[in-house]
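Participant: When we follow my numbering, the leftmost residue of the sequence shown carries the number 416, and every step to the right adds one.
Backbone N, C-alpha and C fix where the C-beta goes; we use that ideal spot for every residue, glycine too.
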Amino acid sequence: MVMSTDSLKNDSRQKISPLFYMLDSKNKKAEIRTENYLKNITSAPSSSLSFESKAKVRQEFDSFKNMFILLGGLLCAVIGIIGILNFVNAVLTGIMSRKHEFAMLKSIGMTNRQLRRMLIYESLFYSVSSSVVSLITSVIFVVLTKRLFENIFWFFNGHFVILPVLLVAPVFIILSCIIPMLMYGNTEKQSVVDTLRDFV
Numbered sequence: 416m417v418m419s420t421d422s423l424k425n426d427s428r429q430k431i432s433p434l435f436y437m438l439d440s441k442n443k444k445a446e447i448r449t450e451n452y453l454k455n456i457t458s459a460p461s462s463s464l465s466f467e468s469k470a471k472v473r474q475e476f477d478s479f480k481n482m483f484i485l486l487g488g489l490l491c492a493v494i495g496i497i498g499i500l501n502f503v504n505a506v507l508t509g510i511m512s513r514k515h516e517f518a519m520l521k522s523i524g525m526t527n528r529q530l531r532r533m534l535i536y537e538s539l540f541y542s543v544s545s546s547v548v549s550l551i552t553s554v555i556f557v558v559l560t561k562r563l564f565e566n567i568f569w570f571f572n573g574h575f576v577i578l579p580v581l582l583v584a585p586v587f588i589i590l591s592c593i594i595p596m597l598m599y600g601n602t603e604k605q606s607v608v609d610t611l612r613d614f615v
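1) Across the region 508-525 and the region 564-581, are there enough close Cβ pairs to call them in contact, namely three or more that are closer than 8 Å?
2) Residue 444 to residue 553, Cα distance in whole Å?
3) Do you know how far the Cα of residue 531 is from the Cα of residue 596?
4) On the premise that residue 507 lies in contact with residue 594, defined as a C-beta separation below 8 Å, what is that separation, rounded to the nearest angstrom?
5) Over what stretch of residues does the alpha helix (DSSP H) that includes residue 532 continue unbroken?
6) Give the range of the alpha helix (DSSP H) segment to which residue 467 is assigned.
7) For a minimum of 4 consecutive residues, which ranges assigned as the alpha helix (DSSP H) are wholly contained in the region 439-525?
8) Suppose the cutoff is 7 Å on Cβ atoms and the five residues either side in sequence are ignored; what does the same chain contact list for residue 539 look like?
9) Just how far apart, CA to CA, sit residue 499 and residue 580?
10) Use the C-beta contact count for residue 536: other C-beta atoms within 10 angstroms, 16 or more gives buried, fewer gives exposed.
11) Please report the distance separating the alpha-carbon of residue 520 from that of residue 501.
12) So what's residue 600 in DSSP terms, helix, strand or just coil?
13) In angstroms, rounded to a whole number, what distance separates the CA positions of residue 464 and residue 451?
14) I need the straight-line Cα distance from residue 475 to residue 460, nearest angstrom please.
15) Identify whether residue 577 lies in helix, strand or coil by the three-state DSSP scheme.
16) Distance check for residue 577 and residue 547, CA to CA, integer angstroms please.
17) Should residue 586 and residue 575 be called a contact, given that it needs their Cβ atoms to be closer than 8 Å?
18) Which residues in the same chain have their Cβ closer than 7 Å to the Cβ of residue 599, if we skip the five residues on either side of it in sequence?
As C-alpha cells, this is what we get:
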C-alpha cells in the first residue's frame, strides 16, 4: 500500500518526516534515462512523489543568466550608440562653430590640407582621451561593484573585460578621420572673403 505523507501522519499520529533521496548519474545518457524514468513514476495520477532534476535546474539557471546577458548587452549597446552620436555631434558642432577661425587661418596662409590635418589630430585626441577615461572609469566601476554583485548573486564572478573598449576604440578612431574630412569639405566650398564677411 502506498500512502501520502499527510495520510501517514494522521493515521500513525507520530512525527514523520518526508524522505528526500538524491542520486547522480555517471554520464549524460544515464542522466537522460534516469530523468525519463522518474518522470514516468511521478507523472502517474496515483503518485504523490515529485522530483527535481539537474537538467531542469540548469535550464532555469541558463534562462536567468541569459536574461542578464540580454539586458546587459542592450544597455551597453544603447550607451555605446549614445556615446558615438555624442562624439559625432561634438566634432560636427566644433567644425561648424569655427568657420570664422578657419577662414582667418586660411587668410594668413594656412592650406586646406593643413586645416584637415589639424581637425583630424584634434578629433583623434578627443577619441583617444575618451577611450582612456572610459577604461579608467570601467576599472574603478568593476572594483567598486564586484563585491556587491558577488554578495547578491552567488554565481557572479566579477572581472574586468577590456574587449569592449578595444572594439569601440577603432570605431572612434575611424570616425575621427572621416568626419572632419567630410565636414570640412562642405565648409571649404565657401570662399574666405564670404566667410569673413558673414561674421563682420
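Facilitator: Checking against the coordinates, here is how it stands:
1) no
2) 44 Å
3) Linking residue 596 to residue 531 through their CA atoms gives a straight-line distance of about 6 Å.
4) 7 Å
5) 527-567
6) Counting along the chain, residue 467 falls outside any alpha helix (DSSP H), and DSSP gives it neither H nor E.
7) For the region 439-525, whole alpha helix (DSSP H) runs of length 4 or above, ordered along the chain, are 443-457, 469-511 and 514-522.
8) 588 and 591
9) 13 Å
10) exposed
11) 27 Å
12) helix
13) 14 Å
14) The alpha-carbon atoms of residue 475 and residue 460 are separated by roughly 26 Å.
15) coil
16) 12 Å
17) For residue 586 and residue 575, no; Cβs fall outside 8 Å.
18) 510, 530, 531 and 534
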